[in-house]
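Everything on this sheet refers to the single structure shown next.
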Amino acid sequence: MNVVDELGAGLGGLVDTSPAALEEARADRSGHAAPGRPLAIVHAGTVEHVQQVMRIATRTRTPVVVRGAGTGLAGAANAGEGEIVLSTARMTAVREISADDLIAVVEPGILNADLNDLLSGHGLWWAPDPASRAISTVGGNIATGAGGLLCAKYGVVRDAVLGVDLVLSDGRLLHLGHRSVKGVTGLDLTSLVIGSEGTLGVIVGATLKLRRLPEGSPCTITATFAGVRDAAAASAAVTASGAQPAIMELMDAASLAAVASLLHLPAPAAGAAQLTIQTDGPASATEADAIAAVLRAHGGDVQLSHDREEGERLLGIRRSMHPAMAALGTTLIEDVSVPRSAMPAMFDEIARIERDYGLSIPTVAHAGDGNLHPNFIFEGEIVPDPVWAAADELFRAAIALGGTLTGEHGIGTLKSRWLAAELGDDQWELQRQITRVFDPLGILNPGKVFHPHA
Numbered sequence: 294m295n296v297v298d299e300l301g302a303g304l305g306g307l308v309d310t311s312p313a314a315l316e317e318a319r320a321d322r323s324g325h326a327a328p329g330r331p332l333a334i335v336h337a338g339t340v341e342h343v344q345q346v347m348r349i350a351t352r353t354r355t356p357v358v359v360r361g362a363g364t365g366l367a368g369a370a371n372a373g374e375g376e377i378v379l380s381t382a383r384m385t386a387v388r389e390i391s392a393d394d395l396i397a398v399v400e401p402g403i404l405n406a407d408l409n410d411l412l413s414g415h416g417l418w419w420a421p422d423p424a425s426r427a428i429s430t431v432g433g434n435i436a437t438g439a440g441g442l443l444c445a446k447y448g449v450v451r452d453a454v455l456g457v458d459l460v461l462s463d464g465r466l467l468h469l470g471h472r473s474v475k476g477v478t479g480l481d482l483t484s485l486v487i488g489s490e491g492t493l494g495v496i497v498g499a500t501l502k503l504r505r506l507p508e509g510s511p512c513t514i515t516a517t518f519a520g521v522r523d524a525a526a527a528s529a530a531v532t533a534s535g536a537q538p539a540i541m542e543l544m545d546a547a548s549l550a551a552v553a554s555l556l557h558l559p560a561p562a563a564g565a566a567q568l569t570i571q572t573d574g575p576a577s578a579t580e581a582d583a584i585a586a587v588l589r590a591h592g593g594d595v596q597l598s599h600d601r602e603e604g605e606r607l608l609g610i611r612r613s614m615h616p617a618m619a620a621l622g623t624t625l626i627e628d629v630s631v632p633r634s635a636m637p638a639m640f641d642e643i644a645r646i647e648r649d650y651g652l653s654i655p656t657v658a659h660a661g662d663g664n665l666h667p668n669f670i671f672e673g674e675i676v677p678d679p680v681w682a683a684a685d686e687l688f689r690a691a692i693a694l695g696g697t698l699t700g701e702h703g704i705g706t707l708k709s710r711w712l713a714a715e716l717g718d719d720q721w722e723l724q725r726q727i728t729r730v731f732d733p734l735g736i737l738n739p740g741k742v743f744h745p746h747a
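Heads up: take any position in the sequence shown, counting from 1, add 293, and you land on my numbering.
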């Protein structure tokens, strides 16, 4: 009996081997697809299903790729030849909401936006806010260490998870972390799992740290600048002023023009860049006025709205970036982070790379935390060598400025060759050895993150 037959015998209708489904599982939204097709997709509905799959995989030495909604941007959930896809997308239950303790216990397949819709009825929310919140799962958010628009004030996923339920490669179930606000017993394995991209185990549950919904109405500011460097300098000045907006997003001229075209909005002035900033909480109006003054002092043409619906419309422009890029061609969506004060210098580096390689690299940034998303547009399905060469310079420039290869998308397949350049050989090897403690046979997401070519 081969492994697919064994999966079918044990899990029946949960096993999908249809060509269309297998083809879809080869790719995520990075534009990268794994070579070949996986053996089968198992649509787990319970923790026991996940354990059963992992026991079969261990016994047969078959690689497993864990997959949620497939919205990742680094190729971490792409499955290829000889691999089992273990999908947790059907595990969507919310097991508990405790308003007294400000926690929720959830399964990994629930969508980020659906969770917050449910929590809002309790006056609560889960703060991580990736641009893909309407289509990405909580389990995927945790596996990639996702960020989003609200990170500067409310932190990333790592700051909002108290515990994780993890199935190991041999099927054992671990309950990591705690329900209490404080907890320092032993090593912090919860934080180790967050951002591990499926290399340590299968996330089957999470205890999330919630917040109460902010009081008052948000205020939204847009500020247009003559160029992207001016906008980046203004955003750094906002941070230096001590203000702490909930959202501070930057769009350069190319990205602003692309979104305007997609949404049929008036074309922006040539070369213009825009900051979109939102304040929240009881002092939102006072904070917005102070931020507006900083932006005007740095040459911004400032508009301020106290209307919630208008604010969502303005943020919708920023959230339309991905479809706007897709309308231009195949997109390699990159993700580097630098110290906030280094953002103007990073935009200088992007401009240099554009000139040197004859490319247009539309870029947006979570300006409040220094996380930039440069976009490389090309034709066809395979990233051309000149684009990879330009990306190589981009990554090395971010590291040289004190930054990192990835702020929120992860390493996956696409960035594994550069990982040692940031970590150094000794740390790269130490981290690789840690994955083998969790997964001695190396069957969890092989070829991702710690690929030997790094």
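Glycine included, every Cβ here is placed at the ideal spot set by N, Cα and C.
Sequence-distant residues of its chain with Cβ nearer than 7 Å to residue i (five each side left out)
i           : result
residue 686 : 646
residue 385 : 400, 402, 403
residue 550 : 560, 561
residue 469 : 456, 457, 459, 482, 483, 486
residue 339 : none
residue 332 : 296, 297, 375, 376, 377
residue 616 : 555
Those residues which DSSP pairs with residue i across a bridge
i           : result
residue 669 : 625
residue 389 : 398
residue 659 : 542, 664
residue 468 : 458
residue 359 : 379
residue 505 : 417
residue 646 : The partner list for residue 646 (beta bridge, DSSP) is empty, contrary to what the question assumes.
residue 309 : 334
residue 527 : Note: residue 527 sits in no beta bridge, so no partner.
residue 498 : 458
Minimum C-alpha distance to residue i - residue among the options
i           : options            : result
residue 264 : 408, 671, 600      : Look at the range of the chain in this structure, 294 to 747, and you will see that residue 264 is not part of it.
residue 453 : 590, 432, 466      : 432
residue 500 : 586, 486, 398, 572 : 398
residue 739 : 375, 307, 310      : 375
residue 515 : 555, 593, 439      : 593
residue 650 : 630, 681, 663      : 681
residue 467 : 343, 371, 297, 448 : 343
residue 609 : 302, 366, 540      : 540
residue 494 : 517, 477, 472, 465 : 465
residue 383 : 307, 669, 472, 630 : 307
Beta-carbon separation (whole angstroms), residue i vs residue j, contact threshold 8 Å
i           : j           : result
residue 524 : residue 567 : 7 Å
residue 377 : residue 355 : 6 Å
residue 456 : residue 520 : Contact flag wrong, Cβ pair sits at about 46 Å.
residue 684 : residue 625 : 7 Å
residue 389 : residue 436 : With a Cβ gap of about 21 Å, residue 389 and residue 436 do not count as contacting.
residue 582 : residue 700 : About 30 Å separates the two Cβ atoms, so there is no contact after all.
residue 418 : residue 506 : 6 Å
residue 512 : residue 659 : Actually they are not in contact, since the Cβ atoms of residue 512 and residue 659 sit about 19 Å apart, beyond 8 Å.
residue 442 : residue 542 : 6 Å
residue 678 : residue 633 : Wrong, their Cβ atoms sit about 33 Å apart, outside the cutoff.
residue 367 : residue 707 : 5 Å
residue 694 : residue 644 : The pair is not a contact, with the Cβ atoms about 14 Å apart (cut-off 8 Å).
Beta-carbon contacts of residue i that lie in its chain and below 8 Å, excluding the five residues immediately before and after
i           : result
residue 743 : 492, 709, 712, 721, 724, 725, 728
residue 387 : 397, 398, 399, 400, 403, 408, 411
residue 736 : 350, 351, 354, 355, 356, 357, 462
residue 440 : 421, 423, 449, 450, 659, 662, 664, 700, 701
residue 590 : 530
residue 476 : 455, 470
Span of the alpha helix (DSSP H), counted from its first residue to its last, around residue i
i           : result
residue 446 : 444 to 447
residue 557 : First-last for residue 557: undefined, no H or E at that position.
residue 604 : 601 to 612
residue 577 : 577 to 590
residue 681 : 678 to 693
residue 750 : In the structure displayed, the chain extends from 294 to 747; residue 750 sits before or after that span and is not available.
residue 342 : 340 to 353
residue 704 : Here residue 704 belongs to no alpha helix (DSSP H), and DSSP marks it neither H nor E.
residue 303 : 296 to 304
residue 486 : 482 to 486
residue 431 : 431 to 437
Close-in-space but distant-in-sequence residues of the same chain around residue i (CB under 6 Å, 5 per side omitted)
i           : result
residue 747 : Because the pLDDT of residue 747 is 39, which lies under 50, any placement of that residue in the model is unreliable, and the number read from its coordinates should be weighed accordingly. Only 709, 710, 712, 713 meet the Cβ criterion.
residue 313 : none
residue 531 : 584, 587
residue 715 : 692, 698
residue 612 : 424
residue 488 : 438
residue 427 : 406
residue 346 : 335, 379
Element boundaries [beta strand (DSSP E), containing residue i]
i           : result
residue 594 : 594 to 598
residue 569 : 566 to 572
residue 541 : 540 to 544
residue 514 : 512 to 518
residue 336 : 333 to 336
Residue i Cβ short of 6 Å to the ligand NAD heavy atom set
i           : result
residue 318 : Questions concerning the ligand NAD fall outside what the structure shown contains, since it holds no ligand whatsoever.
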